[in-house]
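Asks: Sharing a structure, written as structure tokens. Questions coming.
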Amino acid sequence: PGCPPPPPPAIPGCPPPPGLPGASTTDGPSQAKKKRTVKLFWKELKQLDGTVGPGRFGQGTLWASLQNVEVNAAKLEHLFESRSKEAPTSKKAIDGKKVVVVLDPKRSNAINIGLTVLPPIHIIKTAVLNFDEFAVSKEGIEKILTMVPTEEEKQKIQEAQLANPDVPLGSAEQFLLSLSSISDLTARLQLWAFKLDYESLEQEIAEPLFDLKVGMEQLARNHTFKCILATLLAMGNFLNGSQSRGFELGYLEKVSEVKDTVHRQSLLYHLCQMVVEKFPETTDLYSEIASITRSAKVDFEELANSLVQLERRCRASWHNLKVIAKHETKPVLKTKLTEFLKDSTQRIIVLKVVHRRVLNRFHSFLLYLGYPASAARDVKVMSICKLLREFALEYRTCRERVLQQQKKRAAHRERSKTRGRLITETEKFSGIAEAVLPPAVVSSSPKDQMEAGHENMKIVLTSPTDTPSRRSRASQGTGHGTPTQGSPAQEDVPSSPDDASDEIMDQLVKSVTHNANPRPCPNKERRRSRGNRKSLRRTLKSGLSDDLMQALGLGRVPGMEV
């Protein structure tokens, strides 16, 4: 009559079947579980019975319609066993006790570090057999070459594996054992490395030789270089009191050290000045010998050694190909490698011929520069190119300084030409000033101009006050307005005393600014006395005195008052 006891908890992953509140099909597996398993941290749905009535999707919930599923409890227990706490202990056991270590600790550590940048061993093995450069890079091949096991290491690893068949090998030992299973490993890796390196090695040799060849041609026909040497030779012959026909180029590095005794400027500075003055079409030299500049960075003795090493590696690659061909079963790969080595051999032969001819041409170039035949054999390519590069760089810097100083002096001379002159007296504004002048002022002689100005002033002073103004108000402050002649097209503005004053001020300013022969200004500015200064505004306001009217030749006109 009482309520049944609650059902036991279900195993994670197996929901309890509906309608059986007192039992579950998963009781057996959950009770028989002997190991801790991974738990699923989900949120359990409770009280599903009776929560949903008949609806559109059916009777009850989705969970009520699910069928019972039997699970393999032993398999789940094995797969999802909780090992989080046992992992450190097992790792320690593997690293410390249950691993076969044969190699030296230093060697083992180096291999383990190299494994971090390499693909897995099975990919490496396939790539080495097929020469697949996409799977393993050139750096990876060089790294593997340092890890190739020796016969002694291979023998020790095999013996340790036979002695302890149940104990795994260390990571370094396992890697070396896998590499040793590849036939002709060293020959394959060396041939593969040469195949990948050949293009860059050939370019490192061919480009400097080409730059040296082009640089000698550029310098031999360079006009600026010839002008510099000719000017320096002339300066040296004058200073030495000799008639030398040439000098060794080694002196070019000392040109910047010699200084004059007056301004302490270097001989290079005076050389630049003279070259720019006598040969203005020359350049800075540095921008025209780019090939010589690049050749100065190359050690041609090391380049010759690189060419010898390239030829030696090519011969070794032929030997490696013969070794690989004995066990190679892919004819396509063998044919491809053979064609590559044939082409490389032919190109190396051509490269050796080019190297010999370029060096012979360099010795001829030294003879062209004036070196004796005995000294030309000991001169190094790098030293001559570096000497020319340093001199050209110093010459360019000094030449820029000379040109900048010349520009400053030219600008100073231009400013000195117009110093102390009015802006209307310069050539730029002379045409404008003449165009602005009225016909009465611009005349053939200074005397006529003075008379015309006198007549204009007389007309203004004697004109009645009710004459219409011919000057707009907007041109008062300029001081350069031209008195216009009366015309019907202009508007008649009522006259005023201010307009008459403006006309008088205009004429006074014009009589001063348009003087054809101004008095020459002395070098020292003359102090002007302020005792006799008169205010034009006060004069216009109070009127002209009788003496001044008589001096100007003006008679008092009835109805006019200035």
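Going by this note's numbering, the sequence shown opens with residue 728, and the numbers climb by one from there.
Glycine included, every Cβ here is placed at the ideal spot set by N, Cα and C.
What you are looking at is a predicted structure, and each value in this text was computed from that prediction instead of being measured.
Could you spell out where the alpha helix (DSSP H) holding residue 924 opens and where it closes?
Replies: 912-947
Asks: Can the beta-carbon of residue 835 be found closer than 7 Å to that of residue 941?
Replies: no
Asks: Using three-state DSSP, classify residue 825 as helix, strand or coil.
Replies: coil
Asks: Could you have a look at residue 1135 and say whether DSSP puts it in helix, strand or coil?
Replies: helix
Asks: Give, in chain order, every unbroken run of the alpha helix (DSSP H) that is at least 4 residues long and sits entirely within the segment 885-913.
Replies: 898-907
Asks: Are the segment 1099-1114 and the segment 1022-1040 touching, with three or more C-beta to C-beta distances below 8 Å?
Replies: Segments in contact, yes.
Asks: Go ahead and label residue 927 buried or exposed: buried means 16 or more other beta carbons lie within 10 angstroms of its beta carbon, across all protein chains shown.
Replies: By the neighbour-count criterion, in which 16 or more other beta carbons inside 10 Å mark a residue as buried, residue 927 falls on the exposed side.
Asks: Considering residue 1081, what are the terminal residues of the alpha helix (DSSP H) in which it resides?
Replies: Residues 1058-1095.
Asks: Just how far apart, CA to CA, sit residue 1112 and residue 839?
Replies: Rounded to whole angstroms, the separation of the alpha carbons of residue 839 and residue 1112 is 47 Å.
Asks: Check whether the segment 850-870 and the segment 914-933 touch, using three or more Cβ-Cβ pairs below 8 Å as the test.
Replies: yes
Asks: Can you tell which of 1233, 960, 970 has its C-alpha closest to the C-alpha of residue 982?
Replies: 960
Asks: Hey, quick one: how far does the alpha helix (DSSP H) through residue 965 stretch, first residue to last?
Replies: 950-967
Asks: Report the residue ranges of all beta strand (DSSP E) runs contained in full by the segment 960-1039; include only those spanning at least 3 residues, in chain order.
Replies: DSSP runs (the beta strand (DSSP E)) wholly in the segment 960-1039: none.
Asks: To which residues of the same chain is residue 1067 closer than 7 Å at the C-beta, ignoring the five residues directly before and after it?
Replies: The answer, listed in chain order, is 922.
Asks: So, under 8 Å CB-CB, residue 1126 and residue 1041 are touching, yes? Tell me the CB distance rounded to an integer number of Å.
Replies: About 48 Å; that fails the 8 Å criterion.
Asks: Taking 7 Å as the cut-off, decide whether the C-beta atoms of residue 829 and residue 883 are in contact.
Replies: yes
Asks: Grab me the residues of residue 925's own chain with a C-beta within less than 6 Å of its C-beta, minus the 5 sequence neighbours each way, in chain order.
Replies: 1071
Asks: Indicate whether residue 955 and residue 985 have their beta-carbon atoms separated by less than 7 Å.
Replies: no
Asks: Return the chain-ordered list of same chain residues with a C-beta closer than 6 Å to the C-beta of residue 1291, the five sequence neighbours on each side being excluded.
Replies: An answer regarding residue 1291 cannot be provided, because it is not within the stretch 728 to 1289 covered by the chain.
Asks: Nearest to residue 874 by CA position, among 771, 902, 852, is which residue?
Replies: 902
Asks: In this structure, what does DSSP give as the bridge partners for residue 877?
Replies: Partner(s): none; residue 877 has no beta bridge.
Asks: So, helix, strand or coil for residue 808, using DSSP?
Replies: Three-state result, residue 808: strand.
Asks: Excluding the five sequence neighbours on either side, which residues of its own chain have a C-beta within less than 6 Å of the C-beta of residue 1011, listed in chain order?
Replies: The beta carbon of residue 1011 lies closer than 6 Å to those of 1123, 1126 in the same chain, with the five residues before and after it left out.
Asks: Which residues in the same chain have their Cβ closer than 8 Å to the Cβ of residue 909, if we skip the five residues on either side of it in sequence?
Replies: 852, 855, 856, 915
Asks: Could you compute how far the alpha carbon of residue 746 sits from the alpha carbon of residue 895?
Replies: Unreliable placement is indicated for residue 746, whose pLDDT of 45 sits below 50; the coordinate value is still reported in the next sentence. Whole-angstrom Cα-Cα distance: 54 Å.
Asks: So, does the segment 1046-1054 touch the segment 1136-1146, judging by three or more C-beta pairs under 8 Å?
Replies: Because the criterion of three Cβ pairs below 8 Å is not met, the segment 1046-1054 and the segment 1136-1146 do not touch.
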